[in-house]
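Heads up: the sequence shown is residues 2 to 525, going by our numbering.
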Amino acid sequence: MIHAPPSPVPDVVTHSDGRVSLAEDTSLPEGAFVNSDLQPVPMSRRTWGTGSFSALWVSMSVSIPAWTLASGLIAAGLDWRQAMLAVVLGNLAVLLPMVLTGHAGARYGIPFPVFARASFGLRGANLPALLRGAVACGWYGIQTWVGGQGVYVLLGRLFGDGWTGAAVAGGYPWTLWLSFGLFWAAQLGIILWGMEGVRRIQVWAAPLMVLGGVALLAWMAVEAGGLGAMLSLDSGEPLDWGPSFWTLFFPSLMGVIGYWATLTLNISDFTRFSSSQRAQVMGQSLGLPTTMTLFSLLAVMVTAGTAAVYGEPLWNPIDVVARMDSGIGLLFAVFVVLLATVSTNIAANLVGPAYDLANLRPRLISFRTGAVTTCLLSVLIFPWKLLENEDVYIFTWLGTVGGVLGTVAGILLADYWLLRRTRINLPALYERGSEYWYTHGWNWRALVAFGVGSLLAVGGSHSPEGSGPFPAEGLVPFLAPLADYGWVVGLLTGLLLHWGLGVLLPDRRASGGTAARVEGSAAG
């Protein structure tokens, strides 16, 4: 049998602004580590400007989970000023690694799973990719459950007590499970329809969500007797700024950071379409902290108002709008909730795992197949369990996820910025036996850094007695003090350990000079 000669690797072009691409109208040959969705984005398709990234962050930040994150801090015991401090500092802290990891996508036009191959190896990249994908499936399930609650409230107003008073199954009325299924199926239909339909929804979702949040704040202010009355009361026992405050503040801060921990990894899935480095830096800097701050302010003020009006803080907006007497107001509020949920869910929680699953078996799994698989897996996360109370949602889910993903972010930053100085051999990211093949496709240095960093970050995870899955003294008691700072501990441990191992015990095939030569082979 005569085998066809291997397809030639296209020329790599370094452009005057430092961005790198394959020669226009060329692509890498299909193979075990390449499919059309994982190919480097050609320069002609890198069109996202500053406004595009700002709009993306508005669309993702104006969402129900962002609302419940901020309002959950009130329910957990902070007053509205302390909750806002945690939100502002958390989003500023997460912005820096977001911009730094986004640099690789903007420079080389590659998605996160391909970017991770440089540090973890061509096969090893599946570890952070699947981990990030599993977390995104959880988020997708949470958003879908919230959307199902919205459908339940809406249909309950239409059908009355027969709907809301239905028989309980699995801890919830069977009509709520049906509503969840209907909303899940509706999102699947939109996904199968295509991304053009998703983009059309996003155009309307964020502005309507902002309008709905302002309207909800105005309604709550009227119910409470004015803004002064609604903000004069804290939830539960008021906290001072002493030790009791700091004991709650730092886990809350890690929860805020953990909220965007997934995006610190896969932001390159979006920045790969950036028209310049400046566009992704300015767009993210303008869009993320400002939108999250303003929207969170709405959330904490409304939640503080519910504590004044109802005697307890209602941190889920569905529970708030369900108390509206106005039928028109309720219909508008639920419509806004559903629209915003669909928009945010698909942008923030579908794109990433679709690429991650495609990276697992590029020849068999396309972006579309990965997206449908994400929908199916999202149900198996049991999202209703994560939203049962704010302790599980913020401190267990977000805190634990943040610690593990923070470790991955530290490894990516150390490898890209400290070891490689932003130089990557682009074709080698797709080639078996290249400098990124390491040992049978795995970089043991990244694995050691990941294992140690994750253990230190989440090994001491603990829950209040009877309020979570972890023992009160911590899984590993002597690590418990570190668990409250999980994301920072994971980030710093992963970064320092991977960098140290890379300097002291470098891979024999790793060569910054090789990457530099490949980049400059056809300078534009």
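Every residue gets a Cβ at the ideal spot worked out from N, C-alpha and C, and that includes glycine.
Burial state of residue i (16 or more Cβ within 10 Å)
i	result
residue 20	buried
residue 243	exposed
residue 436	buried
residue 235	Here residue 235 scores only 47 on pLDDT, less than 50, and its place in the model is too uncertain to base an answer on.
residue 450	buried
residue 357	buried
residue 48	exposed
residue 3	Note that residue 3 scores 47 on pLDDT, short of 50, meaning its location in the model is unreliable and no value can be drawn from it.
residue 363	buried
residue 160	exposed
residue 371	buried
residue 522	Bear in mind that a pLDDT of 44 at residue 522, under 50, signals an unreliable position, so the number given afterwards is only what the model happens to contain. The residue in question, residue 522, is exposed, as its Cβ has fewer than 16 Cβ neighbours within 10 Å.
residue 312	exposed
residue 247	exposed
residue 80	buried
residue 321	buried
residue 51	buried
residue 452	exposed
residue 170	exposed
residue 110	buried
Rounded distance between the beta-carbons of residue j and residue i, thought under 8 Å
i	j	result
residue 496	residue 288	Going by Cβ atoms, the distance from residue 496 to residue 288 rounds to 26 Å, so no, they are not a contact pair.
residue 373	residue 192	7 Å
residue 458	residue 465	Actually they are not in contact, since the Cβ atoms of residue 458 and residue 465 sit about 20 Å apart, beyond 8 Å.
residue 342	residue 137	Wrong, their Cβ atoms sit about 15 Å apart, outside the cutoff.
residue 13	residue 478	About 52 Å separates the two Cβ atoms, so there is no contact after all.
residue 319	residue 150	4 Å
residue 491	residue 454	5 Å
residue 461	residue 480	3 Å
residue 152	residue 183	6 Å
residue 157	residue 337	About 17 Å; that fails the 8 Å criterion.
residue 420	residue 503	5 Å
residue 209	residue 340	6 Å
Residue i - containing beta strand (DSSP E), residue span
i	result
residue 23	21 to 23
residue 27	Careful: residue 27 lies outside any beta strand (DSSP E) and carries neither H nor E.
Under 8 Å between C-beta atoms of residue i and residue j
i	j	result
residue 154	residue 359	no
residue 444	residue 122	yes
residue 36	residue 361	no
residue 408	residue 494	yes
residue 124	residue 423	no
residue 112	residue 277	no
residue 176	residue 384	no
residue 303	residue 228	no
residue 290	residue 97	no
residue 345	residue 95	no
residue 249	residue 33	no
residue 301	residue 71	yes
residue 211	residue 88	no
residue 117	residue 417	no
residue 73	residue 316	yes
residue 262	residue 61	no
Extent of the continuous alpha helix (DSSP H) run through residue i
i	result
residue 294	278 to 311
residue 321	318 to 322
residue 373	368 to 381
residue 15	Counting along the chain, residue 15 falls outside any alpha helix (DSSP H), though it belongs to the beta strand (DSSP E) covering 13 to 15.
residue 92	81 to 109
residue 325	It is not in any alpha helix (DSSP H) - residue 325 carries neither H nor E in the DSSP assignment.
residue 56	51 to 62
residue 127	127 to 160
residue 267	262 to 267
residue 499	487 to 505
residue 445	445 to 459
residue 118	113 to 121
residue 419	Run containing residue 419: none; DSSP gives neither H nor E here.
residue 552	With the chain covering 2 to 525 only, the question about residue 552 has no answer from this structure.
residue 480	Element bounds for residue 480: n/a, residue is neither H nor E.
Three or more C-beta pairs below 8 Å linking the region 263 to 275 and the region 42 to 52: In the pairwise beta carbon analysis, the region 263 to 275 is classified as touching the region 42 to 52: at least three pairs are separated by under 8 Å.
Inter-stretch contact at 8 Å, needing at least 3 Cβ pairs: the region 294 to 309 / the region 132 to 148: The region 294 to 309 is not in contact with the region 132 to 148.
Touch test, the region 427 to 436 against the region 23 to 35, Cβ-Cβ under 8 Å, three pairs minimum: Yes: the two stretches touch, three or more of their Cβ pairs being nearer than 8 Å.
Cβ pair count under 8 Å reaching 3, the region 247 to 254 against the region 79 to 90: As far as the Cβ criterion goes, the region 247 to 254 touches the region 79 to 90, which means the pair count is three or higher.
The region 484 to 498 / the region 401 to 415 touching (three or more Cβ pairs under 8 Å): At 8 Å Cβ cutoff, the stretches touch.
Inter-stretch contact (C-beta, 8 Å, three-pair minimum) for the region 94 to 102 and the region 406 to 424: A contact exists between the region 94 to 102 and the region 406 to 424.
The region 48 to 57 contacting the region 302 to 314, beta-carbon criterion three pairs below 8 Å: No, because fewer than three Cβ pairs between the region 48 to 57 and the region 302 to 314 fall closer than 8 Å, the two stretches do not touch.
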